[in-house]
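Take a look at the structure set out below.
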Amino acid sequence: MGWSSGAYSQGIVQRDGLTNMDKGAQAMYDGNYILADQLFREALGQLSKLPSEMAYYFGRNSYHLDKYKQAINWLTKYVELKGTSGQYYDQAVLYLNMSNAAYKKVKEQEIQETHHQLMVSDYYDCPGEYVMCPICHGGGVLIQKGKFGAVYQTCPYSGLSGKLTCEQYNQYLQGELGMEMMDE
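Each residue of the sequence shown is one higher than the one before, starting from 220 at the first, in our numbering.
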């Protein structure tokens, strides 16, 4: 009883995938993270079933490439698969914690940069001369529930017009627009 050519070629591809995974791990340990990433990606395409250590290797290497979200996903998968008894458990948890901290820091920096850009530019470029009031949604009237039904109030920001000039809108965005009651 012999091997079919399909099963034989499948075995070769599987072997090549494991070889690429091992070469990728060595490249990672040697600090050649880009080569390791390429080898791991090749292995991902060649292996029909991924060994659990592939999740560890790929996650750890992703951390070194500053791909923190990817690292978190792969390292979490390794811990889920192997639990506390996994060969790389301690290292996986260490890299998972470092990835989480780095990812959080990156997100906080993005928020800071966005906030800074909004504050530095200090100006929203309006599409026209007027912008719909964000408080009354352009209606010019605020409707609130009162004890005896609806209570109608002229919008304290835009008045009955329901719109703000571009300058007023920018003041509103910066928290500097007072409730002037613009009755135009």
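Each residue gets a CB set at the ideal place from its N, CA and C atoms; glycine is no exception.
{"query": "Is it buried or exposed, Q372, if we count other Cβ atoms within 10 angstroms and call 16 or more buried?", "result": "exposed"}
{"query": "Shortest alpha-carbon distance to E272 belongs to which of Q233, V298, A320 and V232?", "result": "V298"}
{"query": "How many Å lie between Y391 and D344 at the Cα?", "result": "14 Å"}
{"query": "Do Y322 and Y287 have their C-beta atoms closer together than 7 Å?", "result": "yes"}
{"query": "Taking the alpha carbon of A274 as the point to measure from, which residue in Q289, K324, H283 and L294 has its own alpha carbon closest?", "result": "L294"}
{"query": "Smallest Cα separation from K242: which of K268, S267 and N280?", "result": "N280"}
{"query": "Alpha carbon to alpha carbon, how far is M240 from E261?", "result": "8 Å"}
{"query": "Please report the straight-line C-alpha distance between P353 and Q393, rounded to a whole angstrom.", "result": "13 Å"}
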